[in-house]
Each structure stands twice: as structure tokens, then as C-alpha cells.
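Novice:
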Amino acid sequence: MPLTKKVFILILILNLFTILSLYAVLQVFVMTKFEQIEHEEIVRKTRRAESALYERYNPIVVLNRDWAKWDDTYSFISGVNDTFISANLVDETLLGSGLDAVYFYDVRGSLLHTKEINPENKESGDTFNILKSTFTPNSVSAYKQQQFGFLSFNDRLVFISIHPVLRSDGSGPANGYILMAKFIRREDTAKLNEITGQELLLSGRDDLSPIDVDNDVNIVALNSDRTESSMILNDFFGSPTLLLRVFTEREVTKQGAATIMYVLATSVFVSIISLVVSIIFINLVLLRPLKKVIDEVNNIRSIKDFSLRINTSGNAELNELVDNVNRLLDALHVSQNKLKNINESISNQAKALEEKTQEMERINQYMVGREIRMAELKQQIADLKLRLEEKGENGA
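Residue numbers (UniProt numbering): 1 to 396.
Laid out in C-alpha cells, this is it:
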């Protein structure tokens, strides 16, 4: 595999590891911090929703207090009269004040007079009946000061405020009690949502979800976009039977996720740039000079001329490599010269040996020829001697 590809893969792996490590760090530390901020923000919004809920119905509390501290009401409790009823207890008055019912009780808690909106409506009528049966004489006469809150009747939420009836200057003794009630309708919740900018839902006992009662605010992530925060509220009687649910957009978490994605995108862009710059740098500074050195070495090897030298220069490491290669070429050149001299010496010695061998062969041939002649002369002498002997015998 080419060195360029190896370097590319190595840098790519390192960049991927860096990005994944950065993502893990951002998730563990940064995103956790955003989630903590989101949790705190949701708790604040839930508490503001609780405050807004009671502020929404605070005019009824004020109206109940104003009517209770009014000489006309004080006189009305002492003796019910049609003038007070016709002047104040009409549908227009209640509708204009946002009320559904007003009840007057004497000092013993007995119901003296009622004014209800649409009592003939079955749902409203049932709620009115339950409401009147809930506030018995004993329970009404126990309220020595104003009290208000929500109650759930027949799957219907009602805001109630009760106040002892006093004189206009606030002096007593209390002459009776006045109770005001308002049904919580969808348009009221919608108005509250518009005021708070959040989606609120107040539920009665039957609609309570299983949440951690020990927690002031319980938060559940519905999905990646929304959360539901739940808060248990005490009802009119102080019992924890109401559940305020606030649905909130996860703006903080979205901002955190967007920040992380921006950081990761920036990291990826920087990694790509660094990868490209690294490859260009390696090619220009390292690989190109190294390739030139390789080409020069291959050229020297092909022509077998070890007297040539590499002239490429670059960084310190490359220069050191070139110096070492040139030293190696010096050694090879010296060895080549020595080998050449040795070869020439051996060649000369072989030539001289060959000449001596030829001379020896000539001498050998001469000596062999001489011995043959000597053998022939000896044979001739023997033959002559034999003939002489044969002649001597014949002459005798």
C-alpha cells in the first residue's frame, strides 16, 4: 500500500476518533449541563404557572372580600331584602364578574340565599347541588377568615372563595358568610395558556397520575421536543388532590443539541481541512523529495555507476538519509574499484599462468619426443647388434 494512502487512513482514523471522543465529552458534560439548566428552567416555569393560576382567579378573591366587607351585605344577612337581590344578585352581575354562583350563609352556617347561573343545566345543577351539600353549617361557620382554592366536583373543577361578612370598616362580629364559585372551563385554561405562554392542565383527584409526591415538581420527557412537569397542589380543604401539569417545549435542550451539532460540524470541517493540508504537506515536504531520492537510487542501480551521488535536499531527516545513502555509495564505489583491481590482477595472473602452461606443454612435448627418439635409437642399436652377432656366427 502506498505511503500516501497509509498516512491518509491513519489521519482519517485519528480524526474520527477525535470527533467521537469530542461527541462523548460534549454529551457527558455539556449536554448534561444543558439538561440541568432545562430542569431548573422547567421548575421555574411550573412555579410561575402555579402563581399565574392563582393570579388568574385573584379578582374573585378580591370581589369576595369586597362584598364580605360591605354594609349592604351585612344588612342583607341580617334580613334578606329584594332590593339588594335585584340590585346585585342578577345574571349580568355574576357574568360580568366571571362567577357561576354566590351563596349567602348566616352566622350559624345555614344557607340563606343562592344565586346560580344556569341551574337548570344538568351538569351545572349537579355541581351546584354537590357544592351546597359540601359546605354544611358546621363547615361554613368554622371559617373565621377568608379562604379560597380549587375543588373537584363531579369531574369538574371549581374555584371557591369564602369570607366572613363584616361591616365596611372591617369590624365585627361576623354576621354570616358569603361564598363565591366559578367553574373552570376550557376557555379559562386557554386564556391562562395564552397569558403564561405554556400549555397548562389542572386535574382533579380522578385524573391524578402516579408521580413522586415527595418531589415538589416532577419532570418527564415526553419526547425530544416536549416535557411534562407535574406539581401536586392542595385543594380548598388543604388536601393534595389536585395536579397541575405544564407542557413545555424543550428549547434549552434543543439549543444544547444545536450547539453540539455546530461544534461537531465545525470539528468535521476542521478535520477535513487538516486532512487535506496534511496530505498536501506530506506530499510536498516528505514524499516528493523521498520519491526523488528513490528515483536517483534506482538510476544509480540501473547504470551501476557508484561514482554518482544523490543531490536531493529537504528537511533534516531527509538530508540525513541522503548523507547515509551517499556514504553507502562511497563505500560501494571503493568496493567496486577494489573488486575491479582484484579482477584485473586475477586476469593478469591467469594470463601469465596460461603462458607458462603453454611453455610447459611445449617443453613437455619436446621431452616426450626426445624420449621417443632415444627409444627408437636404442631399438636400432639393438637391431644392429643382433645383426652383427648373426654375421659373426655365419663367418665362423
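Glycine included, every Cβ here is placed at the ideal spot set by N, Cα and C.
Computed from a predicted structure; not experimentally measured.
Using the C-alpha atoms, what's the distance from L201 back to L208?
Specialist: Only weak support is given to the placement of L208: the predicted model assigns it a pLDDT of 48, under 50, and the question is left unresolved by the model.
Novice: Taking the continuous alpha helix (DSSP H) assigned at S302, which residues delimit it?
Specialist: Here the alpha helix (DSSP H) through S302 covers 288-303.
Novice: With three or more beta-carbon pairs closer than 8 angstroms as the criterion, would you say the stretch 96-113 touches the stretch 174-190?
Specialist: These segments touch.
Novice: Report buried or exposed for K304, applying the criterion of at least 16 other Cβ atoms within 10 angstroms of its Cβ.
Specialist: Label assigned to K304: exposed.
Novice: Based on the DSSP secondary-structure assignment, which residues constitute the bridge partners of Y177?
Specialist: DSSP, once it has assigned bridges, lists Y105, P164 as partnering Y177.
Novice: Locate the beta strand (DSSP E) running through A52, then write down its first and last residues.
Specialist: Unbroken run through A52 is the alpha helix (DSSP H), 32-56; no beta strand (DSSP E).
Novice: Using the DSSP secondary-structure output, state which residues sit across from E228 in a beta bridge.
Specialist: According to DSSP, which records beta bridges pairwise, E228 is partnered with V220, F247.
Novice: Checking the sheet assignment: what are the DSSP bridge partners for L202?
Specialist: Answer is L244, bridged to L202.
Novice: Would you list the one or two residues that DSSP bridges to R387?
Specialist: Paired residue(s): none; R387 is not in a bridge.
Novice: Out of curiosity, what's the CA-to-CA distance linking E56 and I219?
Specialist: At residue 56 the sequence reads Arg, which differs from the Glu that was named. Cα-Cα distance, rounded: 24 angstroms.
Novice: CA-CA distance, N348 and A382?
Specialist: Rounded to whole angstroms, N348 to A382 spans 51 angstroms at the Cα level.
Novice: Sort E50, V28, M360 by Cα distance to G256 and report the nearest one.
Specialist: Comparing Cα positions, the closest option is V28.
Novice: Buried or exposed: which applies to F281, given that a residue is buried once 16 or more other Cβ atoms fall within 10 Å of its Cβ?
Specialist: The residue is exposed, with fewer than 16 neighbouring Cβ atoms inside 10 Å.
Novice: Hey, how far is the Cα of F68 from the Cα of T227?
Specialist: One point to set straight first is that residue 68 is Ala, not Phe, in the sequence displayed. Approximately 42 angstroms between the Cα atoms of the pair.
Novice: Does D214 pass the burial test, meaning 16 or more other C-beta atoms within 10 Å, or should it be called exposed?
Specialist: Because D214 sits at a pLDDT of 47, beneath the cut-off of 50, its placement in the model cannot be relied upon, and the point is left open.
Novice: Exposed or buried, which one is D216 when buried takes at least 16 other CB atoms within 10 Å?
Specialist: D216 should be labelled exposed.
Novice: Identify, in the order they occur along the chain, each residue of the same chain with its Cβ nearer than 6 angstroms to the Cβ of V61, setting aside the five sequence neighbours on each side.
Specialist: Around V61: F148, S161.
Novice: S267 and I9: beta carbons closer than 8 angstroms?
Specialist: Going by C-beta atoms, S267 is not nearer than 8 angstroms to I9.
Novice: Three or more C-beta pairs under 8 angstroms: does that hold for the stretch 189-196 against the stretch 220-240?
Specialist: These segments do not touch.
Novice: L222: which of V277, V246, N64 sits nearest, CA to CA?
Specialist: Ranking the options by Cα distance to L222, first place goes to V246.
Novice: Where does S313 fall in DSSP's three states?
Specialist: Three-state DSSP puts S313 in coil, outside helix and strand.
Novice: On the DSSP bridge list, what partners appear for K191?
Specialist: Its beta-bridge partners do not exist; DSSP assigns none.
Novice: I need the boundaries of the beta strand (DSSP E) containing F148, first residue and last residue.
Specialist: Taken as a continuous stretch (DSSP letters only), the beta strand (DSSP E) holding F148 covers 147-153.
Novice: Could you tell me which residues DSSP puts in a beta bridge with E116?
Specialist: E116 is bridged to A101.
Novice: So who's on the other strand from L111, going by DSSP bridges?
Specialist: Note: L111 sits in a beta bridge opposite Y105.
Novice: The alpha helix (DSSP H) that contains V140, what's its start and end?
Specialist: 137-140 is the span of the alpha helix (DSSP H), which, as asked, contains V140.
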